[in-house]
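Undergrad: Residue numbers (my numbering): 527 to 849.
Written out as structure tokens, the structure reads:
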């Protein structure tokens with residue numbers, strides 16, 4: 527049993543809400559039910575070419591996510607030739623009356639599945655409503671093979687969760703529990719990778735707050751002060767996920783500010799035809815932009831993408847669209 531959660535951004539309060547929903551389900555509900563749901567945190571804000579009811583809330587400043595079933599009956603575009611699916615068509619109904627008694631007796635909705643999704647929603651809503659205030663701020667620094675976290679909790683609750691994820695993943699890899707506002711966490715991190723760290727407070731009933739905004743930490747190998755990309759000031763990272771199906775993320779790590787007029791990620795097929803040109807900021811730190819598969823007309827294969835600054839190609843990598 528699967529459910530997909532869509533949300534805007536990559537390092538955003540919307541993705542943080544999606545991660546929170548999954549954590550609360552896994553810790554509070556998953557161990558206590560016979561049929562468990564796998565929650566998949568998706569990269570894009572919604573399915574390609576679609577716009578859900580969560581988007582206006584995001585546009586007005588609210589953290590917003592969308593729950594979607596793992597399998598839909600159609601792609602929601604009934605105007606295309608030969609469209610015979612139920613979704614967004616005259617056949618988009620709850621069920622049918624097979625014996626003509628005026629009552630629906632055959633349903634297109636799996637009510638057990640619907641109930642499980644309602645539990646995921648309700649549990650997260652209750653935990654978020656009951657939970658304490660999040661930390662006022664969070665700072666993170668590397669100390670050898672450890673991370674030192676500084677959690678600013680004006681309410682001094684005395685118990686905290688610290689979530690860590692590798693830059694190339696949508697989900698948290700590890701969630702620590704600590705009773706210190708300043709703590710040194712021994713973590714199994716890969717040297718040369720960037721990690722995102724956030725924190726939550728925990729009240730006396732064991733309920734977490736929503737998690738803070740994420741802070742970045744680049745995990746330098748022990749004894750190394752600078753890597754080659756730091757000397758040139760930037761690096762184009764491998765897209766993630768890769769291979770991908772619905773969407774993928776391009777990222778550029780910037781060590782120091784780059785003087786420029788415009789910057790793009792340009793996507794090409796292997797014959798050199800340009801398929802997409804996506805504007806990207808080049809602020810110090812990690813800069814990301816989402817790419818979806820409609821640009822290459824759903825054709826599986828290998829594609830190239832380049833960082834282009836003021837008309838000059840600075841770096842190129844390849845990616846695989848596999849589905």
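Just so you know, even glycine gets a beta-carbon here, dropped at the ideal spot from N, CA and C.
Per the contact definition of three or more C-beta pairs closer than 8 angstroms, is the stretch 620-638 in contact with the stretch 684-692?
TA: Output reads no: the stretch 620-638 does not touch the stretch 684-692.
Undergrad: Taking the Cβ atom as the reference point for each residue, do residue 761 and residue 767 lie within a distance shorter than 8 angstroms?
TA: It is not a contact, given that the beta carbons lie outside the stated cut-off.
Undergrad: For residue 828 versus residue 846, is the C-beta spacing smaller than 8 angstroms?
TA: Yes, they are a contact pair.
Undergrad: Give me the Cα-Cα distance between residue 530 and residue 568, rounded to the nearest whole angstrom.
TA: Cα to Cα, residue 530 sits roughly 6 angstroms from residue 568.
Undergrad: Using the C-alpha atoms, what's the distance from residue 695 back to residue 722?
TA: Looking at the two C-alpha atoms, the distance is approximately 10 angstroms.
Undergrad: If you pair each beta-carbon of the stretch 726-741 with each one of the stretch 797-815, do three or more pairs fall below 8 angstroms?
TA: With a cut-off of 8 angstroms, the stretch 797-815 and the stretch 726-741 do not count as touching, because too few Cβ pairs lie within range.
Undergrad: Please specify which runs of the alpha helix (DSSP H), each continuous and at least 4 residues long, are wholly inside the stretch 541-594, giving them in chain order.
TA: Taking only runs of at least 4 residues, the alpha helix (DSSP H) segments lying wholly in the stretch 541-594 are 581-585.
Undergrad: Cα separation between residue 781 and residue 833?
TA: If I take the Cα positions, the gap works out to 15 angstroms.
Undergrad: Quick check: residue 679 and residue 710, are their CB atoms within less than 8 angstroms of each other?
TA: No, these two residues do not count as a Cβ contact at 8 angstroms.
Undergrad: By DSSP's criteria, residue 781 is part of a beta bridge. Which residues make up the other side?
TA: Bridge partners of residue 781: none, in fact.
Undergrad: Taking only runs that begin and end inside the stretch 641-674, name each unbroken beta strand (DSSP E) of 3 or more residues, in chain order.
TA: If we require 3 residues or more, the beta strand (DSSP E) runs fully inside the stretch 641-674 come out as 663-669.
Undergrad: Please tell me whether residue 771 has its Cβ less than 8 angstroms away from any Cβ of chain D.
TA: The chain inventory of the structure shown lacks chain D, comprising one protein chain alone.
Undergrad: Which class does residue 820 belong to by DSSP, given the choice of helix, strand or coil?
TA: DSSP places residue 820 in helix when its eight states are reduced to three.
Undergrad: Do the stretch 666-675 and the stretch 641-658 meet, that is, are 3 or more Cβ pairs less than 8 angstroms apart?
TA: As far as the Cβ criterion goes, the stretch 666-675 does not touch the stretch 641-658, which means the pair count is below three.
Undergrad: For residue 662, count the other beta carbons within 10 Å of its own beta carbon; 16 or more makes it buried, fewer makes it exposed. Which is it?
TA: The residue is exposed, with fewer than 16 neighbouring Cβ atoms inside 10 Å.
Undergrad: Can you give me the C-alpha to C-alpha distance between residue 556 and residue 562, rounded to a whole angstrom?
TA: When rounded, the distance between both Cα atoms is 6 angstroms.
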